[in-house]
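If you're matching them up, the sequences are chains A and B in order. Numbering (my numbering) for the first sequence: 1 to 52. Numbering (my numbering) for the second sequence: 53 to 193.
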Amino acid sequence: MDRRTLIFVIAFLVMGTAASGAQKRYDVPIGDSPQRGPANAPVTIVEFLDYQ
Amino acid sequence: MEVSSTLKKVMTSYDGKVRLVIKNVPYGYRQYSVASALAALAAGDQGKYWEMHDLLFARWPQLDPESLVRYARELGLDLERFKQSMDSKRHKDSIERDLKLGDELHVYATPTLFINGRKFVGEMRYREFEKVIEEELKASR
């Protein structure tokens, strides 16, 4: 693979990832952690915090 | 500390559409981190988790043991029960589980948020929440 082809391939991959907006989604188990808002809400925010 | 009041605003403006879940990842080297998390969970045993949660943010950095008991009194909790709850293995285990989960999810800083599984490290402004939540609501329709 020559240098130009390589640059093209890398650019294609980078742009492709950005365009798809594919941010990784983690599976975060809720368990019996404190929660407010409906359990079937379309959006769930899990906050990892330290009170201090 | 800002994130809590921003989140409160988020919960109000997206009432019914957003669920908030708390995982406790107290840093071991901070003096009152674990005790504060235990105080919130212990207040939860008397149905006052979120009241204590808010109070801990509001009164930060006063989180020494005497202050925690004072907050419990302020919330009208049964103090004997509160102290017993704070010592309970159940809550310590729950914090251990959260810490383990945090490790697995590579949570190295607080706050770290997962919005429908999408990870955000550090404090977020209201506008940022708005953007992500709108995206998620659109995707869920």
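Each residue gets a CB set at the ideal place from its N, CA and C atoms; glycine is no exception. Note that the structure is predicted; figures quoted are calculated from it, not measured.
Check                                                                                                                                                                               : Outcome
For residue 58 (chain B), tell me which candidate among B:87, B:163, B:143, B:144 has the shortest Cα-Cα distance.                                                                  : B:163
Measure from the alpha carbon of residue 173 (chain B) to the alpha carbon of each residue in B:159, B:116, B:73, then state which is nearest.                                      : B:159
Identify the contact partners of residue 36 (chain A) in chain B, using a Cβ-Cβ distance below 8 angstroms as the criterion.                                                        : 63, 71, 72, 102
What did DSSP end up calling residue 35 (chain A) once you bin it into helix, strand or coil?                                                                                       : strand
If you run the structure through DSSP and keep just helix, strand and coil, what is residue 164 (chain B)?                                                                          : strand
Hey, out of B:103, B:150, B:83, whose CA is closest to residue 117 (chain B)'s CA?                                                                                                  : B:83
Let me know the beta strand (DSSP E) ranges lying completely inside the segment 64 to 128 of chain B, each 3 residues or longer, listed in chain order.                             : 70 to 76
Going by DSSP in three states, residue 24 (chain A) sits in which element: helix, strand or coil?                                                                                   : coil
Got a sec: is the Cβ-Cβ distance from residue 154 (chain B) to anything in chain A below 9 angstroms?                                                                               : yes
Tell me which residues share the same chain as residue 179 (chain B) and place their Cβ nearer than 6 angstroms to its Cβ, disregarding the 5 neighbours each side in the sequence. : none
DSSP beta-bridge partners for residue 49 (chain A)?                                                                                                                                 : B:76
Taking the alpha helix (DSSP H) that residue 184 (chain B) belongs to, which residues open and close that run?                                                                      : 178 to 192
Once DSSP output is grouped into helix, strand and coil, what is the label at residue 159 (chain B)?                                                                                : coil
Tell me which residue opens and which closes the alpha helix (DSSP H) that residue 139 (chain B) is part of.                                                                        : 131 to 139
What does the alpha-carbon distance come out to for the pair residue 42 (chain A) and residue 183 (chain B)?                                                                        : 15 angstroms
Excluding sequence positions up to five away, which residues of its chain have a Cβ less than 7 angstroms from the Cβ of residue 72 (chain B)?                                      : 59, 63
Within this structure, are the beta carbons of residue 166 (chain B) and residue 51 (chain A) separated by less than 9 angstroms?                                                   : no
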